[in-house]
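Asks: Residue numbers (this note's numbering), protein chains in the order written: chain A, 1 to 215; chain Y, 1001 to 1208.
Here a beta-carbon is modelled for each residue, glycine too, at the ideal position from N, C-alpha and C.
Predicted, not measured: the structure shown is a model, and the values here were computed from it.
Pasting a structure here, questions to come.
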């Protein structure tokens, strides 16, 4: 059934992703890119160079994960002496002091979520590249899930900002961000843009294309 | 699902996730229309969308300034005390030289929620008044791009985790700002849920 499905592309239409209006794209526009007749946004049947943009952002994300996890993300100063903490050592510290639920929340938000997002997008990109027709319904669900969890990796950054403002007593006790925070902030932004630049309709195009032939 | 040739797009809707062309049907109140192929939620009828959005966004804007400037948490240890407001959290980042992270925190916790509330208020007001079509189109486009960056729900969890974490080091008391913040978060979520963006677009197309 899915192979014979009528898509907008086959019918000569394209959907405006900003306002969801169906635009007729059978005739080429006289000048410049095609614009939506309702909202004026650029309309394309598929997001132009979605695959290469997403690859670039996903790879950038993977590389940024290295400094984000190696460099200290916070520095807690107590009575003049500071102890820098990376993401992982912060979590281990919380476990040592018995705060398991918090350690679990931070572990999921700062380690599981970014890695899952990057790995998930890389998997979807590989599906598109090598034409793996691995259940498109599940692939679309993975894509939606990536979009859903994306913002939760900001949790650690918000916490650092809150703690830095709350514990600000100079040499007695203060929390200062570390260079890892900048790298981690970049990971979050890059992964958010990566999931925005991926076009899930590419997964469904694989259904239409016969196997073993590049379309 | 549609088979055969399609001439014009009247009475059709498209799935943004899988590009399927679907015959437009009117969903029953309380139910949403999902794409038969990929399951994406496509249409959902919302009752009194513009009135409710107007009410919630206006209440949100009233709560915005107390939530930003009143202390969220008060912390005291060994006679020293500190307080944290949303604005101070941003200033602290900038003053310690982490401007990139500071900008991100400023944007996701203050600018984006404020703009989302303002835009929703302006749109629902203008749609009801039936004026300023060009402005509403611009505002709807801005809302489309901004709504993802408002992360007050994540921020709330951040506040709660910091509260529990710092209890081991000293006394932490929630401030008046925290209650305003929770109210603000509820108003942002409610106004975004009630807002029927498709209806707003349709209204914009019909009015000359």
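Looking only at its chain, what residues have a beta carbon closer than 8 Å to the beta carbon of residue 1193(Y), apart from the 5 residues adjacent to it on each side?
Replies: Answer for residue 1193(Y): no residue qualifies.
Asks: If you check the beta carbons only, do residue 127(A) and residue 47(A) fall under 8 Å apart?
Replies: No, the Cβ-Cβ distance between residue 127(A) and residue 47(A) is not below 8 Å.
Asks: Does the beta carbon of residue 71(A) come closer than 8 Å to any beta carbon on chain Y?
Replies: No, because no Cβ of chain Y sits closer than 8 Å to the Cβ of residue 71(A).
Asks: Can you confirm whether residue 19(A), when its beta carbon is compared against all beta carbons of chain Y, has any partner nearer than 8 Å?
Replies: Yes - at least one Cβ of chain Y is within 8 Å of the one on residue 19(A).
Asks: What first and last residue would you give for the alpha helix (DSSP H) that runs through residue 140(A)?
Replies: Unbroken alpha helix (DSSP H) run through residue 140(A): 136 to 149.
Asks: Is residue 205(A) helix, strand or coil by DSSP?
Replies: Helix, per DSSP.
Asks: Identify the contact partners of residue 1020(Y) in chain A, using a Cβ-Cβ distance below 7 Å as the criterion.
Replies: Chain A residues near residue 1020(Y): 5, 7.
Asks: Establish whether the CB of residue 149(A) and some CB of chain Y are separated by less than 8 Å.
Replies: Residue 149(A) does not count as touching chain Y.
Asks: Identify each residue in the segment 1052 to 1077 of chain Y for which the Cβ-Cβ distance to at least one residue of chain A is less than 7 Å, and report them in chain order.
Replies: Within the segment 1052 to 1077 of chain Y, the residues whose Cβ lies closer than 7 Å to some Cβ of chain A are 1073, 1075, 1077, listed in chain order.
Asks: Does the beta carbon of residue 168(A) come closer than 8 Å to any beta carbon on chain Y?
Replies: Yes, contact with chain Y.
Asks: Would residue 1175(Y) count as contacting chain A if we go by Cβ distances under 8 Å?
Replies: Not an interface residue.
Asks: Measure the C-alpha to C-alpha separation of residue 1031(Y) and residue 162(A) and round it to an integer number of angstroms.
Replies: Rounded to whole angstroms, residue 1031(Y) to residue 162(A) spans 40 Å at the Cα level.
Asks: Contact between the segment 1110 to 1123 of chain Y and the segment 113 to 120 of chain A is defined here as three or more beta-carbon pairs at a separation below 8 Å; is this criterion met?
Replies: Judged by Cβ distances under 8 Å, the segment 1110 to 1123 of chain Y makes no contact with the segment 113 to 120 of chain A, as fewer than three pairs qualify.
Asks: Counting C-beta neighbours from all protein chains within 10 Å, is the total for residue 68(A) 16 or more, i.e. buried, or is it exposed?
Replies: Label assigned to residue 68(A): buried.
Asks: At the 8 Å Cβ level, is residue 1026(Y) part of the contact set with chain A, yes or no?
Replies: No, no contact with chain A.
Asks: Skipping 5 residues on each side, what residues in its chain have a beta carbon closer than 8 Å to that of residue 1025(Y)?
Replies: Excluding residues within five positions, the ones whose Cβ falls inside 8 Å are 1033.
Asks: Beta-carbon of residue 1204(Y) versus every beta-carbon of chain A: anything under 8 Å?
Replies: Output row for residue 1204(Y): interface = yes.
Asks: How about residue 110(A) and residue 153(A): do their beta carbons lie closer than 8 Å?
Replies: Contact flag set, yes.
Asks: Buried or exposed: where does residue 1003(Y) fall if 16 or more other Cβ atoms within 10 Å of its Cβ makes it buried?
Replies: With a pLDDT of 47 at residue 1003(Y), under the threshold of 50, the modelled position of that residue is not reliable, and the figure given next carries that caveat. Exposed, since its Cβ has fewer than 16 Cβ neighbours within 10 Å.
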